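Student:
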Amino acid sequence: MTFRQLACNNVLRNKRTYAAYFFSSALSVMIFFLYAVFIFHPGIAQGVTRELAKEAMKIAECVLFVFAFFFILYSVGAFLKSRKKEFGILVMHGMSQRQLNRLVLLENMLIGLTAIAVGIGLGLLLSKLFLLWGASILHMEELPFYLSWKPLLLTIGAFVPLFLIISLLTAFFVRSNNLLDLLQGDMKPKPEPKASILLSLLAAALLLGGYTLSFTTTDKNIAGRFVMVVPMIIAGTYFMFSQLSVFIIHLLKGRNSLFWRKTNILTLSDLAYRMKDNARMFFLVSIVSTVTFCAVGTFATSNVYREQFKENHPFAVSYTSKEGNMSEARHLTSIEAELKKEKLAYTKAAVPLISQTSKESGQEVVLVSQSSYNTLAKLLQHPAISLQGSQAMFVPATLDQRGKLPAGTRTVTFQESGLIMQTKGSTPFLIFSTQTIGTNLLVVSDEAYEQIPPLHPQTVTAYQVDDWQQTAKVGEGIFNEVQKHFQSMQKGEASGPAPFSFVSAGYFYDIIKQSNNVMFFVALLIGAVFFIAAGSFLYFRLYTDLNRDQRKYQAIAKLGLTEQELNRTVTIQMAVLFFLPIAVAMVHSVFAFTALQSMFQLSIARDTFIVLAIFLVLQAVYFLIIRSRYLLHLKKNLL
1 MTFRQLACNN VLRNKRTYAA YFFSSALSVM IFFLYAVFIF HPGIAQGVTR ELAKEAMKIA
61 ECVLFVFAFF FILYSVGAFL KSRKKEFGIL VMHGMSQRQL NRLVLLENML IGLTAIAVGI
121 GLGLLLSKLF LLWGASILHM EELPFYLSWK PLLLTIGAFV PLFLIISLLT AFFVRSNNLL
181 DLLQGDMKPK PEPKASILLS LLAAALLLGG YTLSFTTTDK NIAGRFVMVV PMIIAGTYFM
241 FSQLSVFIIH LLKGRNSLFW RKTNILTLSD LAYRMKDNAR MFFLVSIVST VTFCAVGTFA
301 TSNVYREQFK ENHPFAVSYT SKEGNMSEAR HLTSIEAELK KEKLAYTKAA VPLISQTSKE
361 SGQEVVLVSQ SSYNTLAKLL QHPAISLQGS QAMFVPATLD QRGKLPAGTR TVTFQESGLI
421 MQTKGSTPFL IFSTQTIGTN LLVVSDEAYE QIPPLHPQTV TAYQVDDWQQ TAKVGEGIFN
481 EVQKHFQSMQ KGEASGPAPF SFVSAGYFYD IIKQSNNVMF FVALLIGAVF FIAAGSFLYF
541 RLYTDLNRDQ RKYQAIAKLG LTEQELNRTV TIQMAVLFFL PIAVAMVHSV FAFTALQSMF
601 QLSIARDTFI VLAIFLVLQA VYFLIIRSRY LLHLKKNLL
C-alpha cells in the first residue's frame, strides 16, 4: 500500500464522521461559485438595484470565505483530536512526525479538492435556476445561462489556498503529543467538571443585561445599543455554556429526589461532562444560529413593511400643483391616461391647501379645511370629523408621529392672519405622505378656512388605487421633469424648485422592495450555509463520541439497563445537544427582533414567529433522522 492509498483509505474509513463536514464545505463552495456567476454575468450591468445586488454578493463572498476558513479550521482540529489513538498506533509502528504531518496534509487536501469539485459541479447544475431566481427578485428580464472562466478561477483560487493553508496549520494539532496520550485517545479518564461561581454569575449578568438593553431599545438609540449588546451576548453565551450550565447541573445533582429518580443519575452525570466538553461547540452553534435567524428574519418582515408603507402613503398617486404651474392640466391628463393604460381603476379628489406661520413655534403650518379632509377621508374609508368655529386638529405626517402629537387642547396663533385656533388632539389616520406635504398639517373648520388669506396656495390631486403596488410606472415622465428641474437649479439655471411635485407609492415601494429582496436573497443563502454548518458540528460531535458511548452503555447494559431506558437516556442527551444551542439562539433572536420592532410601528411578531418556527421544524426533522441512525449504530453488539 502506497502512502497516498493509505491517506485515501483513511478518508473512506472515516466517511461517516467526515460526511457532514464534507457536505458543509461543498455547500460553501457551491454558494460561493453561484454568487461569482451572478457577479460576473454581463446581464448585471446597470441600475441602482443591480449594483446593490452585486455589492451585496461581493460582501457575501467575503463573509462566506471568512466563515469557511474558521469552520474548516475548527472542524479539522476537532477531527484530528478524535483520531489520537489512530495516530498513536501509526507512531508506534514507526511513522515519523514528518510522515504523520504529510498523511494529514494528503487527507485534508483530498477532502478539500473533492469538496471543491463537487461544489463547483453542483453550482454549474444549479446556476441557471439561480440566475432565474435572481432575475425574478431584481425584476429583470430572464438572464440566459452564462459561464466564463472568471467565477471558476475565483472559486478555485479562493478555496484551494484555503484548504492548503488549513492543511498546513493542522500540523499544530498533532505535534508534540506523548505516545501514551495518543494511544489512550478518548479513553483517558476525565476529571469531574467544575464551574466557577463568579463566572456563572457573570454569564447571567451579561445575558440579563443584554436582554434588558435590547428590550428597552428605541429607534433613536438602536445603533448605540447594538454596539453594546452584541459583545455582552457573545461573552455571556460562552460563559453560560462553559460555566453556568455546569453549575446548574451540579445543583440538580444535589437534589436527591431528582438525581436518584429512574435513569436521571446516568443522564445528569453524563450531561455535566458533555456540557463541559462541548461548551465551545454549543457556543459556536448558538452564535451561528442567532446570526442565521436574525439575518433571515430581518428581511422576512417584508409583509409588515408593506402594510406600514401603505399606511405612511395613504394614496397611491398624488400630484401637488403650486402657484405658477402651467403644466397641471397636462400632467393630470398624463397620469390618468397611464392609470388607464395599466388597467388600474381609481377614484380621485382635488383639495386646496394654504399655509400660515405658527406664532408659537415659528414654523410653517399647512391648512386643510374640514370638508376637504372629509372628502379625502371618505376615499380612504376613514371616519369623518366635525369641527366648529376655532376648533382644529393635527394630522400626523407619519405613523411614528401618530401617538406623539399633542393630545389635549392647545392654542395655535397664525402670524399672518392673527387668527387663534384651539386644537383638540389629532386625527387617528394620515391623509398625505411625508413626500406630499413635508410639514405640519392642521385641519380647521370651514368657517375659519374662509377667513384665512391664501398664503402659498397649492392643490393636491390624490388618486386612490386598490392595487397601489402596480403604480410604479405611472408618472415616469413627471418624475423626469422634476429631476431635470432639480439639475437645472443646481447649475443655477433655475431660480427655485419646480412648481409641482409628484408622489407614486408604487414607485417608492418598488425601489425599497427590490433592495430588501436583494438583501433577503443574500441572507437566505448565507443563512442556509450557517444553519447546515451548525448541524454538521452537532453531527460530528455525536459520531466522534460513538465508540466511547458504545463502551459505556455496554458496561451499563450488563447491570440491567433495558433498551427502553437506553432510548430514553440517549434521546434526552441528544435533545440537549441539538436543541439547547438552538433554544438559546432563538431567545437571543427574540430579543434582537424586539429591538428591531422599535423601527416598525406595526407588529413583526407574526413574521418573527414564522421564521423561528420554520427553523425549529427543520432542526426537529434533522434531530429525528440523526437520532434513529445514531441509535442504530449504538445498539450494534450492545443489547
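Each residue of the sequence shown is one higher than the one before, starting from 1 at the first, in full-length UniProt numbering. Glycine residues also receive a C-beta, built at the ideal position from the N, C-alpha and C atoms. Given the structure is predicted, the values throughout are model-derived calculations rather than measurements.
Tell me Met393's beta-bridge partners as DSSP assigns them.
Tutor: Residue numbering aside, residue 393 sits at position 393 when the sequence shown is read from its first letter. Note: Met393 sits in a beta bridge opposite Val443.
Student: Over what stretch of residues does the alpha helix (DSSP H) that includes Thr409 continue unbroken?
Tutor: Walking along the sequence shown from the start, residue 409 turns up at place 409. No alpha helix (DSSP H) holds Thr409; the beta strand (DSSP E) holding it covers 409-413.
Student: In three-state terms, what does DSSP make of Thr333?
Tutor: Sequence index remark: in the sequence shown, residue 333 carries index 333 (1-based). Looking at Thr333 - three-state DSSP - the assignment turns out to be helix.
Student: At the level of alpha carbons, what is the spacing between Ser200 and Tyr273?
Tutor: Taking the first residue of the sequence shown as 1, we reach residue 200 at position 200. Taking the first residue of the sequence shown as 1, we reach residue 273 at position 273. Spanning the two alpha carbons is a distance of roughly 17 Å.
Student: In angstroms, rounded to a whole number, what distance separates the CA positions of Val11 and Gly506?
Tutor: Sequence index remark: in the sequence shown, residue 11 carries index 11 (1-based). Sequence index remark: in the sequence shown, residue 506 carries index 506 (1-based). Approximately 56 Å, taken between the alpha carbons.
Student: State the CB to CB distance for the pair Thr347 and Gln469, rounded to an integer number of angstroms; the pair is presumed to be in contact (CB under 8 Å).
Tutor: If you number the sequence shown from 1, residue 347 lands on position 347. If you number the sequence shown from 1, residue 469 lands on position 469. Contact flag wrong, Cβ pair sits at about 17 Å.
Student: Excluding sequence positions up to five away, which residues of its chain have a Cβ less than 6 Å from the Cβ of Arg75?
Tutor: For the purposes of this step, residue 75 is identified with residue 75 of the sequence shown, where counting begins at 1. The sequence shown places Ser at residue 75, not Arg. Within the same chain, Ser75 has close Cβ partners Tyr21.
Student: Got a sec? Which residues, its chain only, sit under 6 Å from Phe215 by beta carbon, not counting five neighbours each side?
Tutor: In the sequence shown, counting from the first residue as 1, residue 215 sits at position 215. Answer for Phe215: Thr594, listed in chain order.
Student: Assuming Pro352 is part of the alpha helix (DSSP H), what are its boundary residues?
Tutor: To locate residue 352, count along the sequence shown from 1; it is residue 352. No alpha helix (DSSP H) contains Pro352, which is instead part of the beta strand (DSSP E) from 347-357.
Student: Quick one: what's Phe502 bridged to in DSSP?
Tutor: Position 502 of the sequence shown, counting from 1, holds the residue named residue 502. Tyr319.
Student: Could you pull out every residue in the same chain whose Cβ sits closer than 7 Å to the Cβ of Val291, ignoring the five residues on either side in sequence?
Tutor: Position 291 of the sequence shown, counting from 1, holds the residue named residue 291. Answer for Val291: Phe530, listed in chain order.
Student: Taking the straight line between their C-alpha atoms, what separation do you get for Val460 and Ser24?
Tutor: Within the sequence shown, the letter at position 460 stands for residue 460. Within the sequence shown, the letter at position 24 stands for residue 24. Cα to Cα, Val460 sits roughly 57 Å from Ser24.
Student: What are the start and end residues of the beta strand (DSSP E) that includes Ala462?
Tutor: Counting from one through the sequence shown, the residue named residue 462 turns up at place 462. Counting along the chain, the beta strand (DSSP E) containing Ala462 begins and ends at 455-464.
Student: In whole angstroms, what separates the C-alpha of Gly236 from that of Leu206?
Tutor: Taking the sequence shown and counting its residues from 1, the one referred to as residue 236 is at position 236. Taking the sequence shown and counting its residues from 1, the one referred to as residue 206 is at position 206. The alpha-carbon atoms of Gly236 and Leu206 are separated by roughly 5 Å.
Student: Between Ser390, Val443, Tyr509, Pro151, which has its C-alpha nearest Pro314's C-alpha?
Tutor: Residue mapping note: residue 314 aligns to position 314 of the sequence shown, counting from 1. When each option's Cα is compared against that of Pro314, the closest is Tyr509.
Student: What's the call for Glu563, buried or exposed, on a 16-neighbour Cβ count within 10 Å?
Tutor: Mapped onto the sequence shown, residue 563 falls at position 563. Exposed, since its Cβ has fewer than 16 Cβ neighbours within 10 Å.
Student: Who does Glu328 pair with in a DSSP beta bridge?
Tutor: The residue labelled residue 328 in the question sits at position 328 within the sequence shown. Glu328 pairs with nothing; no bridge assigned.
Student: Which residues share a DSSP beta bridge with Met30?
Tutor: Looking up residue 30 in the sequence shown gives position 30. Answer is none; Met30 lacks a bridge partner.
Student: Sort out for me which residues DSSP pairs Val229 with in a bridge.
Tutor: Here residue 229 corresponds to residue number 229 of the sequence shown, with the count starting at 1. None, per the DSSP bridge assignment.
Student: Who are the Cβ neighbours of Tyr18 in its own chain at under 8 Å, not counting the five residues just before and after it?
Tutor: Counting from 1 along the sequence shown, the entry for residue 18 is found at position 18. Correct list, in chain order: Val11, Phe79, Ile111.
Student: Is the region 354-363 touching the region 496-503, taking contact as three or more C-beta pairs under 8 Å?
Tutor: No, the region 354-363 is not in contact with the region 496-503.
Student: If we count the other Cβ atoms within 10 Å of its Cβ and call it buried at 16 or more, is Val474 buried or exposed?
Tutor: If you number the sequence shown from 1, residue 474 lands on position 474. Per the 10 Å Cβ criterion, buried.
Student: Does the region 571-591 come within contact of the region 615-626, defined as at least 3 CB pairs closer than 8 Å?
Tutor: Verdict: yes, contact present.
Student: Could you give the DSSP three-state label for Gly43: helix, strand or coil?
Tutor: For this step, residue 43 is matched to residue 43 along the sequence shown. Reduced to three states, the DSSP call for Gly43 is coil.
Student: Could you tell me which residues DSSP pairs with Thr423 in its beta bridges?
Tutor: The residue you call residue 423 lines up with position 423 of the sequence shown. Answer by DSSP bridge pairing, in chain order: Ala392, Arg410.
Student: Quick test of your reading: Ser386 and Gln422, contact by CB under 8 Å. State the CB separation rounded to the nearest angstrom.
Tutor: Locating residue 386 in the sequence shown gives position 386, counting from the first residue. Locating residue 422 in the sequence shown gives position 422, counting from the first residue. Ser386 to Gln422, Cβ: 14 Å. No contact.
Student: How many whole angstroms separate the CB atoms of Tyr449 and Ser369, which I take to be in contact at a CB cut-off of 8 Å?
Tutor: Numbered from 1 along the sequence shown, position 449 holds the residue referred to as residue 449. Numbered from 1 along the sequence shown, position 369 holds the residue referred to as residue 369. 4 Å between Cβ atoms; contact.
Student: Where does Val366 sit, in a helix, a strand or coil, going by DSSP?
Tutor: For the purposes of this step, residue 366 is taken as the residue at position 366 of the sequence shown. Of the three classes helix, strand and coil, the one that applies to Val366 here is strand, per DSSP.
Student: Please classify Asp467 as buried or exposed, where buried requires at least 16 neighbouring CB atoms within 10 angstroms.
Tutor: Along the sequence shown, read from residue 1 onward, the residue named residue 467 stands at position 467. Label assigned to Asp467: exposed.
Student: With H, G and I counted as helix, E and B as strand and the rest as coil, what does DSSP make of Tyr553?
Tutor: Here residue 553 is taken as the residue at index 553 of the sequence shown, counted from 1. Tyr553 falls in the helix class under three-state DSSP.
Student: May I ask you to report which of helix, strand or coil DSSP gives Val518?
Tutor: If you number the sequence shown from 1, residue 518 lands on position 518. Residue state, collapsed to three classes: helix.
Student: Is Thr217 helix, strand or coil when you go by DSSP?
Tutor: Taking the first residue of the sequence shown as position 1, residue 217 is located at position 217. Looking at Thr217 - three-state DSSP - the assignment turns out to be coil, as it is neither helix nor strand.
Student: Flag this pair as yes or no: are the beta carbons of Leu538 and Val160 separated by less than 8 Å?
Tutor: If you number the sequence shown from 1, residue 538 lands on position 538. If you number the sequence shown from 1, residue 160 lands on position 160. No, Cβ-Cβ distance for Leu538 and Val160 is not below 8 Å.
Student: Check the C-beta distance from Ala384 over to Ala392 and give it rounded, since I have them as a contact under 8 Å.
Tutor: Counting from one through the sequence shown, the residue named residue 384 turns up at place 384. Counting from one through the sequence shown, the residue named residue 392 turns up at place 392. Contact doesn't hold; Cβ gap of about 15 Å is too wide.
Student: In the DSSP assignment, find the alpha helix (DSSP H) that holds Val474 and state where it starts and stops.
Tutor: Within the sequence shown, residue 474 is the residue found at index 474, counting from 1. Here Val474 belongs to no alpha helix (DSSP H), and DSSP marks it neither H nor E.
Student: Distance, Cα to Cα, Arg567 vs Ile556?
Tutor: On the sequence shown, position 567 is the one that residue 567 refers to. On the sequence shown, position 556 is the one that residue 556 refers to. Rather than Arg, the amino acid found at residue 567 in this sequence is Asn. Cα to Cα, Asn567 sits roughly 13 Å from Ile556.
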